[in-house]
Amino acid sequence: MTVLPDVLAPDLAVVFCGTAVSAASALRGAYYAGPGNAFWPTLFKVGLTPRLFAPEEYRDLTRYGLGLTDIVKTASGADHSLSDEHFDSARLRKAVLKYRPRVLAFTSKRAAREFVGHRVDYGVLSEEVGETTLFVLPSPSGAARRYWSEEPWRELARLRAAANRGSAAEPRLASVAPQAARR
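Below, the structure is given as structure tokens:
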């Protein structure tokens, strides 16, 4: 059984992908609803949404070219409570290929690492899924505050703004230097 439904539509600008819904989010029935979670305030602060959304408004994000999913859909809780069998990279890859977002932005290194199968850093990854750029953000969870940096979130907002300024024929975000090229 899915803890929270995906919020997906064809050709979104960014789909945010967490590891798993937190216990607080599962209880509230809304994404990124835990106390101290910086997701919603950060989306607004960096300009990805025109106003501050409440977690319960998560279904409205597609109006702004944004979507939501998790790599773990059948369990909730902190990363340490998840086992290997909870992770479903194949399901996520299939959804990305079906809906074709310009960017799949992982909201934790763990989610990205489980998906690509190796260590990751914040920013654009060298891998893509179809034409979808993969991007890693610091976790907005209050439990991960010591790793928090708003700068990768700002970088994502700049990439989206640059892509929005271009024409429909403009290449996706592939022109941005991936991590491998920045080392």
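Just so we're aligned: 86 in my numbering is position 98 of the sequence shown, and the numbers increase by one with no gaps anywhere.
For every residue, glycine included, the Cβ atom is placed at its ideal position computed from N, Cα and C.
With 16 other Cβ atoms within 10 Å as the buried cut-off, status of R90: buried
As assigned by DSSP and simplified to three states, the class of A151: helix
Beta-carbon separation (whole angstroms), G24 vs A145, contact threshold 8 Å: So it is not a contact: roughly 22 Å between Cβ atoms.
DSSP beta-bridge partners of L92: V3 and L122
Selected residue, minimal CA-CA separation from S77, among F32, G6 and V112: G6
Cα-Cα separation, A18 to V(-9): 10 Å
Contact the segment 42 to 62 vs the segment -3 to 4: 3+ CB pairs below 8 Å: yes
Element boundaries [beta strand (DSSP E), containing T57]: L54 to D58
Sequence-distant residues of its chain with Cβ nearer than 6 Å to A14 (five each side left out): V(-9) and S64
For S64, the residue or residues it bridges with in DSSP: V9
CB-CB length for E115 against L122, believed under 8 Å: 6 Å
Option in L92, R101, F94 and K82 with minimal Cα separation from D72: R101
Strand pairing of E116, partner residues [DSSP]: T121
Beta-carbon proximity of A8 to L70, cut-off 7 Å: yes
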